[in-house]
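Number of protein chains: 2
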Amino acid sequence: MLAAEIQNIETFKDDVNTAKILFQSSSADRKNAALEAMIEALEKNKELILKANEKDLEDAKPLVDSGKLKLSTYNRLKLDENKFREMIQGIRDVIGLDDPVNKKVWAMKLDNGLNLYKQSCPLGVVGVVFESRPDVIVQISALMIKSGNVVVMKGGKESKNTNVALYETIKNAIETVKGMPENVVNLLLSRHGFEQILKLDDTIDLIIPRGSAEFVKWVQDNTKIPVLGHSSGVCHIYIEPTAKHEEAIEICVDSKIQNPSACNAVETILVDYELKDTLLPKLVEKLRANGVEVRGCEECRAIVPDIILADEDDWFSEYGDKIVSIKIVRGIYGAVKHINKYGSKHTDCIITEDEDAALAFTNNVDTGNIFVNASTRFSDGYRYGFGAEVGISTGKLHARGPVGLEGLTTYKYLLYGEGQTVKEYCSGEKKFIHERIM
Amino acid sequence: MLAAEIQNIETFKDDVNTAKILFQSSSADRKNAALEAMIEALEKNKELILKANEKDLEDAKPLVDSGKLKLSTYNRLKLDENKFREMIQGIRDVIGLDDPVNKKVWAMKLDNGLNLYKQSCPLGVVGVVFESRPDVIVQISALMIKSGNVVVMKGGKESKNTNVALYETIKNAIETVKGMPENVVNLLLSRHGFEQILKLDDTIDLIIPRGSAEFVKWVQDNTKIPVLGHSSGVCHIYIEPTAKHEEAIEICVDSKIQNPSACNAVETILVDYELKDTLLPKLVEKLRANGVEVRGCEECRAIVPDIILADEDDWFSEYGDKIVSIKIVRGIYGAVKHINKYGSKHTDCIITEDEDAALAFTNNVDTGNIFVNASTRFSDGYRYGFGAEVGISTGKLHARGPVGLEGLTTYKYLLYGEGQTVKEYCSGEKKFIHERIM
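Chains as they are written, first to last, in the numbering used here: chain A, 33 to 470; chain B, 33 to 470.
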């Protein structure tokens with residue numbers, strides 16, 4: 033379809049279902065050819081796309097001036113030569129990744145001439161809604177094409193002109209590739225269109241909402257389609273008594289100030305009781321020297337009196353800003369208990385030189401990403417070497433942590449027989465062999 | 033806890049959360065020791081358990097006589113020496129399976145001294161509600177212990193006495209094992225208790241409802257906890273023109289009559305147009321000779337006039353009985369289109385001697401279990417060689433098809449560093465290596 037409203041919901045369902053059937057078993061070569069065609073067309077249409085982006089920036093400027101749009105949103109909206117080059121490199125990275133689907137991953141001989149295979153396959157049709165960052169449309173399209181999924185996208189309204197220019201370039205390019213069906217990539221322009229697809233639990237297999245915690249929650253509450261996303265990023269660092277002080281402080285500072293609005297930034301630092309008189313004052317000093325507002329528990333205030341008192345809400349808070357809360361805890365289990373109660377299953381870290389302490393922490397913290405002696409900011413699909421990510425999942429089912437191509441796949445069991453019926457196995461006339469053959 | 037009502041919801045949450053923390057990283061040896069203790073105690077308490085079961089049967093008898101309880105439910109309620117032996121064998125099978133958790137399944141060197149591991153772990157706390165089949169409580173407990181999960185169970189009310197006897201035997205036995213925490217297995221006695229846990233989306237990680245399609249749907253509509261189960265089992269067999277006639281008919285009969293109430297029994301047979309004058313009449317005759325009521329489309333009735341006309345509802349029906357609907361379709365894509373529209377993503381089969389036809393079918397049918405030349409009744413965790421199953425999933429996320437131990441696990445990313453911060457990677461001072469080390 034064109035980037036537009038959904039004219040007729042039944043026609044829309046037919047279109048994406050047909051695209052799904054025709055696309056799901058495409059060869060790696062065909063999908064990579066589509067990605068190459070994308071790169072070529074984007075480079076050819078570069079001027080046109082950058083012009084569309086200028087239009088978006090012009091329209092957004094008055095909103096920034098009048099305070100209706102954040103400057104950070106405006107900056108993310110901008111597509112310059114540099115970002116364009118990175119966007120193209122992102123597609124090349126995806127081309128370089130292994131094909132995640134149509135692979136036999138496990139096999140069992142049930143009996144002679146009766147073999148069972150577990151084979152990876154695309155999820156089918158995935159809906160993605162994202163913020164006003166035009167480069168995302170390219171990244172998502174590339175991941176969906178590589179994983180054999182049909183995608184229905186809805187981008188932020190501020191990047192509408194850029195989105196349409198990028199989308200039409202991508203769509204026209206991939207449909208020139210032999211064997212590529214129509215309607216593999218789809219773009220909705222209105223919030224209404226996105227609300228319409230939330231009702232299509234018979235057609236859409238997964239919804240990936242990118243945006244604020246409130247928005248993700250709203251999506252979860254308003255659809256029966258499975259939702260993959262992160263509720264929030266309340267990340268912790270626990271400084272264990274054996275930690276190297278300098279290293280601990282460096283990691284805390286990096287985890288907080290390197291990008292305070294990122295979901296993998298630290299929000300609460302748990303300082304062991306044994307370190308309260310030694311490390312704590314130095315930590316507070318260094319954080320403040322980096323412009324961080326420090327809040328803390330009563331015990332912290334007994335040591336560093338001018339700390340703002342943290343309340344229950346602070347422990348649940350994703351500040352998204354240069355603010356951090358500090359709590360004094362007693363031992364690993366004090367830290368684990370706090371994290372499992374207040375955390376959001378995103379990323380939590382221990383700073384320690386004691387292997388047993390590290391093991392107790394990694395075993396007992398119920399979180400998707402558990403770090404030992406490293407900044408929480410490493411929690412990211414690109415940094416993990418996944419090439420790209422569709423998002424970070426704080427759910428425990430299906431995909432956890434940064435989600436790359438693998439999270440966009442599922443599997444089928446394929447059983448190949450020679451006419452076997454079960455009655456002989458029920459009567460005992462035949463017996464299963466159950467021998468792993470892969 | 034004892035088999036009882038939940039007295040205080042906060043205490044209940046604390047109890048299962050504590051059990052989760054203490055149990056999740058248990059060694060394979062400890063878990064197997066708990067399973068061995070279960071076997072020993074069940075054998076020791078056999079008379080007591082069988083007596084409790086007699087009480088349930090006595091209580092149920094008048095309900096069967098007055099038509100309030102199905103005879104099939106009464107029969108499933110019965111625990112005899114034979115079933116008891118099978119139940120014990122089931123635990124031994126689970127002991128024999130590989131430990132599914134605390135395994136590193138993938139690893140990447142991000143940089144020197146900065147290694148990322150993906151490690152399997154238990155889901156945490158799983159709620160399971162099941163029909164009045166007392167052997168299920170033993171099977172579920174064994175699978176949950178082996179996978180390191182805390183379980184909260186609610187069994188059918190008709191098997192209450194047997195459930196309590198089995199549960200207390202299991203609970204007491206496993207808690208004698210050194211290092212096994214309390215409250216790993218929990219049994220609720222009332223529907224009210226089950227409704228209470230559906231609200232605990234901060235404590236329960238997964239709900240597995242076993243029972244009717246309506247019940248599963250009710251659970252899905254009444255909880256925010258992820259639900260694993262099968263909506264229904266509308267399974268298909270498509271007979272392709274190259275099929276061997278005798279074999280096709282044998283498979284259809286086995287798939288329907290071997291256990292008509294099973295979710296993996298066939299409900300609709302799709303006969304290719306090319307076979308309408310040859311195979312169709314023989315198929316109808318053979319099904320009828322086995323006591324099956326045959327319904328069919330108009331085209332079927334043109335060939336076999338006394339077939340009952342199937343309507344739109346029939347194509348969506350899981351009869352659960354000796355009834356089958358037959359439709360004439362044109363080619364693979366006619367079959368695929370019907371299955372993807374009316375099927376329930378459970379199990380679908382093609383009978384063919386043509387490899388290309390088999391490939392087109394397996395590629396394009398959107399179903400968890402796709403069979404070539406074998407009875408749909410093979411779709412089962414035990415037959416697949418999983419040792420046991422918690423159920424069959426018709427969802428596409430997390431686990432699909434028969435779900436064994438693997439579906440009860442998730443994973444964590446563990447990153448081990450030496451004090452690294454991300455700022456050096458952002459500035460370009462350091463570069464990622466991204467080398468797979470596992």
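In this text, a Cβ means the ideal position worked out from N, Cα and C, and glycines have one as well.
Sub-8 angstroms separation of residue i and residue j beta-carbons
{"i": "Val-184 (chain A)", "j": "Asn-218 (chain A)", "result": "yes"}
{"i": "Thr-235 (chain B)", "j": "Val-157 (chain B)", "result": "yes"}
{"i": "Gly-187 (chain B)", "j": "Ala-420 (chain B)", "result": "no"}
{"i": "Lys-314 (chain A)", "j": "Gly-180 (chain A)", "result": "no"}
{"i": "Glu-306 (chain A)", "j": "Ile-364 (chain A)", "result": "no"}
{"i": "Thr-453 (chain B)", "j": "Lys-444 (chain A)", "result": "no"}
{"i": "Phe-464 (chain A)", "j": "Asp-143 (chain A)", "result": "yes"}
{"i": "Arg-362 (chain B)", "j": "Met-140 (chain B)", "result": "no"}
{"i": "Leu-311 (chain B)", "j": "Val-285 (chain B)", "result": "no"}
{"i": "Tyr-270 (chain A)", "j": "Ala-367 (chain A)", "result": "yes"}
{"i": "Glu-207 (chain A)", "j": "Glu-214 (chain A)", "result": "yes"}
{"i": "Leu-101 (chain B)", "j": "Ala-92 (chain B)", "result": "yes"}
{"i": "Gln-56 (chain B)", "j": "Cys-153 (chain B)", "result": "yes"}
{"i": "Pro-132 (chain A)", "j": "Thr-442 (chain A)", "result": "no"}
{"i": "Ser-287 (chain A)", "j": "Gly-352 (chain A)", "result": "no"}
Where residue i sits in the DSSP three-state scheme
{"i": "Val-216 (chain A)", "result": "coil"}
{"i": "Arg-242 (chain B)", "result": "coil"}
{"i": "Ala-139 (chain A)", "result": "strand"}
{"i": "Ala-406 (chain A)", "result": "strand"}
{"i": "Cys-458 (chain A)", "result": "helix"}
{"i": "Met-470 (chain B)", "result": "coil"}
{"i": "Gly-436 (chain B)", "result": "coil"}
{"i": "Tyr-270 (chain B)", "result": "strand"}
{"i": "Ser-179 (chain A)", "result": "coil"}
{"i": "Lys-150 (chain B)", "result": "strand"}
{"i": "Ile-257 (chain B)", "result": "coil"}
{"i": "Asp-91 (chain B)", "result": "helix"}
{"i": "Leu-319 (chain B)", "result": "helix"}
{"i": "Asp-112 (chain A)", "result": "coil"}
{"i": "Leu-221 (chain A)", "result": "coil"}
{"i": "Ile-71 (chain B)", "result": "helix"}
{"i": "Thr-442 (chain A)", "result": "strand"}
{"i": "Val-285 (chain A)", "result": "helix"}
{"i": "Gly-423 (chain A)", "result": "strand"}
{"i": "Lys-228 (chain A)", "result": "Note on identity: in this sequence residue 228 (chain A) is Gln, with Lys being the wrong assignment. Residue state, collapsed to three classes: helix."}
{"i": "Ser-376 (chain A)", "result": "coil"}
Anticipated Cβ contact below 8 angstroms, residue i with residue j, distance rounded
{"i": "Ala-390 (chain A)", "j": "Val-404 (chain A)", "result": "5 angstroms"}
{"i": "Lys-354 (chain A)", "j": "Glu-325 (chain A)", "result": "6 angstroms"}
{"i": "Val-209 (chain B)", "j": "Ala-69 (chain B)", "result": "5 angstroms"}
{"i": "Glu-75 (chain A)", "j": "Ile-120 (chain A)", "result": "7 angstroms"}
Residue of the options minimising C-alpha distance to residue i
{"i": "His-378 (chain A)", "options": "A:Asn-322, A:His-277, A:Ala-245, A:Gly-449", "result": "A:Ala-245"}
{"i": "Ala-275 (chain B)", "options": "B:Lys-189, B:Ser-59, B:Leu-302", "result": "B:Leu-302"}
{"i": "Thr-43 (chain A)", "options": "A:Ala-139, A:Ile-339, A:Leu-232, A:Asp-131", "result": "A:Leu-232"}
{"i": "Asp-61 (chain A)", "options": "A:Asp-345, A:Val-126, A:Arg-327, A:Lys-45", "result": "A:Val-126"}
{"i": "Lys-462 (chain A)", "options": "A:Met-119, A:Leu-129, A:Leu-146", "result": "A:Leu-146"}
{"i": "Ala-51 (chain A)", "options": "A:Pro-132, A:Gly-211, A:Asn-40", "result": "A:Gly-211"}
{"i": "Ile-383 (chain B)", "options": "B:Asp-91, B:Thr-201, B:Thr-394, B:Lys-373", "result": "B:Thr-394"}
{"i": "Leu-447 (chain A)", "options": "B:Gln-151, B:Glu-90, B:Thr-408, B:Asp-131", "result": "B:Thr-408"}
{"i": "Ala-406 (chain A)", "options": "A:Tyr-351, A:Ala-334, A:Cys-267, A:Ala-321", "result": "A:Cys-267"}
{"i": "Phe-226 (chain A)", "options": "A:Ile-202, A:Val-216, A:Asn-215, A:Val-251", "result": "A:Val-251"}
{"i": "Thr-105 (chain A)", "options": "A:Gly-323, A:Ser-349, A:Phe-162", "result": "A:Phe-162"}
{"i": "Val-182 (chain B)", "options": "B:Lys-115, B:His-466, B:Ser-58, B:Gln-290", "result": "B:Ser-58"}
{"i": "Glu-278 (chain B)", "options": "B:Gln-151, B:Gly-159, B:Glu-385", "result": "B:Glu-385"}
{"i": "Asp-345 (chain B)", "options": "B:Glu-317, B:Asp-388, B:Ser-173, B:Thr-300", "result": "B:Thr-300"}
{"i": "Lys-45 (chain A)", "options": "A:Glu-79, A:Val-216, A:Asn-204, A:Asn-114", "result": "A:Val-216"}
Residue i Cβ short of 7 angstroms to the ligand NAP heavy atom set
{"i": "Ala-406 (chain B)", "result": "In the structure shown, the ligand NAP is absent, as is every other ligand, since no ligand is present at all."}
Take every Cβ of the segment 72-86 of chain B, pair it with every Cβ of the segment 36-43 of chain B, and state whether three or more of those distances are shorter than 8 angstroms. Judged by pairs of C-beta atoms under 8 angstroms, the segment 72-86 of chain B does not touch the segment 36-43 of chain B, as fewer than three such pairs exist.
Any contact of the segment 258-265 of chain A with the segment 421-441 of chain A, i.e. 3+ C-beta pairs under 8 angstroms? Judged by Cβ distances under 8 angstroms, the segment 258-265 of chain A makes contact with the segment 421-441 of chain A, as three or more pairs qualify.
At least 3 beta-carbon pairs within less than 8 angstroms: the segment 406-415 of chain B vs the segment 434-441 of chain B: Contact between the segment 406-415 of chain B and the segment 434-441 of chain B is established, with three or more Cβ pairs separated by less than 8 angstroms.
The segment 159-167 of chain A in contact with the segment 189-202 of chain A per 3-pair CB rule at 8 angstroms: Cβ pair count under 8 angstroms is three or more, so yes.
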